[in-house]
Amino acid sequence: MMQPSSGERKQPQFSTSPPPPPQHLYQPFRPPPSPLPPKFRNLDTNSKLEVLANRLGLWYEFAPLIPSLTSEGFTPSTLEEITGITGVEQNRLVVGAQVRESLIESKLDQETLSFFDSGGAELLYEIRLLSARQRADAASFMVRNAFDAKQAQDLARAMKDYPRRRVDYGWDKFNGDSPGDCLAFLFFRLAMEHAAADAEDSRTVAMEKALEVVESENARTLLVEEVEGKRVAKESVIDDGVTVPLVRMKLGEVAESSVVVVLPVCKAEARQFEVEAAPWECGGVGDFGVVEAEKDWRRWVVLPGWQPISGLERGGVAVSFKSGKLLPWKEKRKYKEEPVLVVADRGRKEVAMDDGFYLVLGGGNGSNDEGLKVERGLTLKEMGVERSLGMVLLVVRPPRWEDEDTQLIDDE
1 MMQPSSGERK QPQFSTSPPP PPQHLYQPFR PPPSPLPPKF RNLDTNSKLE
51 VLANRLGLWY EFAPLIPSLT SEGFTPSTLE EITGITGVEQ NRLVVGAQVR
101 ESLIESKLDQ ETLSFFDSGG AELLYEIRLL SARQRADAAS FMVRNAFDAK
151 QAQDLARAMK DYPRRRVDYG WDKFNGDSPG DCLAFLFFRL AMEHAAADAE
201 DSRTVAMEKA LEVVESENAR TLLVEEVEGK RVAKESVIDD GVTVPLVRMK
251 LGEVAESSVV VVLPVCKAEA RQFEVEAAPW ECGGVGDFGV VEAEKDWRRW
301 VVLPGWQPIS GLERGGVAVS FKSGKLLPWK EKRKYKEEPV LVVADRGRKE
351 VAMDDGFYLV LGGGNGSNDE GLKVERGLTL KEMGVERSLG MVLLVVRPPR
401 WEDEDTQLID DE
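Quick note: the sequence shown uses full-length UniProt numbering, first residue 1, plus one each step.
Right, here's the structure in full:
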């Protein structure tokens, strides 16, 4: 056998050991945990229906059976027929259980959580639109104050609405992270609206509610000052003597009012002809209170029966202004750019009060503006004007339209 010479290269030696096993690049699928409690996971369809029909267990335990049965093809109406749980209640149970799970994830203490074991679906359903942190804060506040469903609804609305009210009077005195302050601010705004409408009893009730729930010292100080009548700057048109209330309508306010006022609407740019031509009288007729007017008219508005206009039986008219620039504001406000409705009494045309406000035709005196505007009585007297189109009773700001979510907000 020939031996390789020393000058020849040796062939490289390869390892014969097996290669390391390949790493798993993908994890095997793991189904999400079942939302059903362990004792309900292995039930057949009939057993699930029996649990719901007899309300076996706590509400948040059997609530997940509803979506489970829905996935099997049951509709809300079918479930209602079989179990007696209405479609509305089914939704409340399911959403309430989801909110409760979010509270558990937020590490809410067990003592607070146990408050919702009985009848908690109604309460937790109301805070569904809040962020996870807000839900935990709201839940704790509701427990401390033993809230019912209506109070929970007001609280959730107040917490959701507070950040949008930056331009409102007193907003900066309240703490937006405090559920009590948010709710107190809602009652405070309500009190201001009652004050603008001269409804003193309603204002007092709203202020008392605000003081019951307020938490921060700054907000409490403001509320106490309001109750004691120490406020200096009131939101209104110039009010050296006569105050013309400035009111923002709320969504749904007309539907909640026991007394309403129906008025013909004119456009400010249409001059005095439209104001003079508008119907002077309209009212409810017959058993159903069908509204009839003395003549046909295209535009009408329905307003709550606020005190300044509740007794306005004849001659009332609402004039729509594209912006509030033509009104003599006491101070500059952002909402000067908002459209407004000016309610006037055409039965009081004489410019009798220096501090009153009157609807008049613009133009003249070097002005090229021939639309309608509002002027103070003293200003008109200095110009030699003795008659107006009507005395102003109220200025109305439009409601703020808000998006209504129907799904849970899981993140802040």
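The beta carbon of each residue, even a glycine, is placed where N, CA and C say it ideally should be.
These figures come from a predicted structure and were not determined experimentally.
Rounded straight-line distance, which links the Cα of residue j to that of residue i
i, j, result
"residue 40", "residue 225", "57 angstroms"
"residue 245", "residue 284", "26 angstroms"
"residue 144", "residue 136", "13 angstroms"
"residue 362", "residue 375", "9 angstroms"
"residue 294", "residue 277", "11 angstroms"
"residue 400", "residue 169", "16 angstroms"
"residue 424", "residue 67", "The question about residue 424 has no answer here: the residues shown for the chain are numbered 1 through 412."
"residue 395", "residue 207", "23 angstroms"
"residue 327", "residue 248", "16 angstroms"
"residue 92", "residue 86", "10 angstroms"
"residue 397", "residue 138", "31 angstroms"
"residue 47", "residue 90", "18 angstroms"
"residue 213", "residue 140", "13 angstroms"
"residue 309", "residue 179", "35 angstroms"
"residue 72", "residue 45", "9 angstroms"
"residue 191", "residue 49", "49 angstroms"
"residue 107", "residue 162", "25 angstroms"
"residue 360", "residue 188", "35 angstroms"
"residue 59", "residue 75", "20 angstroms"
"residue 346", "residue 118", "58 angstroms"
"residue 204", "residue 227", "8 angstroms"
"residue 122", "residue 65", "18 angstroms"
"residue 273", "residue 358", "16 angstroms"
"residue 339", "residue 77", "45 angstroms"
"residue 259", "residue 355", "29 angstroms"
"residue 70", "residue 53", "15 angstroms"
"residue 42", "residue 98", "21 angstroms"
"residue 266", "residue 317", "7 angstroms"
"residue 391", "residue 271", "16 angstroms"
"residue 200", "residue 210", "15 angstroms"
"residue 185", "residue 156", "13 angstroms"
In DSSP terms, what residue i is bridged to
i, result
"residue 358", "375, 391"
"residue 349", "DSSP, once it has assigned bridges, lists no residue as partnering residue 349."
"residue 254", "None, per the DSSP bridge assignment."
"residue 266", "319"
"residue 304", "260"
"residue 293", "282"
"residue 342", "319, 395"
"residue 246", "395"
"residue 314", "281"
Expected contact under 8 angstroms - CB spacing of residue i and residue j to nearest Å
i, j, result
"residue 102", "residue 132", "5 angstroms"
"residue 158", "residue 182", "4 angstroms"
"residue 344", "residue 393", "7 angstroms"
"residue 382", "residue 351", "That pair is no contact at about 11 angstroms."
"residue 303", "residue 320", "Actually they do not touch by this definition, with Cβ atoms about 13 angstroms apart."
"residue 96", "residue 130", "Their Cβ separation, rounded to whole angstroms, is 13 angstroms, which puts residue 96 and residue 130 out of contact at 8 angstroms."
"residue 325", "residue 389", "About 19 angstroms separates the two Cβ atoms, so there is no contact after all."
"residue 300", "residue 263", "7 angstroms"
"residue 120", "residue 269", "Actually they do not touch by this definition, with Cβ atoms about 55 angstroms apart."
heavy atom of the ligand PLP below 7 angstroms from residue i C-beta
i, result
"residue 292", "Absent from the structure shown: the ligand PLP. Ligands present: none."
- Task: Indicate whether the contact test is met: 3 or more Cβ pairs, each with one atom in the region 108 to 120 and one in the region 81 to 95, closer than 8 angstroms.
- Result: no
- Task: Check whether the region 164 to 176 touches the region 140 to 155, taking contact to mean three or more Cβ pairs, one atom from each stretch, closer than 8 angstroms.
- Result: no
- Message: Does the contact criterion of 3 or more C-beta pairs under 8 angstroms hold for the region 267 to 285 versus the region 311 to 329?
- Response: yes
- Secondary structure, alpha helix (DSSP H): runs of 4+ residues fully inside the region 75 to 122: 76 to 83, 87 to 105, 110 to 114
- Task: Output the residue ranges of the alpha helix (DSSP H) runs that lie fully inside the region 120 to 196 and measure 4 residues or longer, sorted by chain position.
- Result: 120 to 126, 132 to 145, 149 to 161, 179 to 196
- Query: Which runs of the alpha helix (DSSP H), 4 residues or longer, sit entirely within the region 43 to 80?
  - Reply: 45 to 54, 59 to 62, 65 to 71
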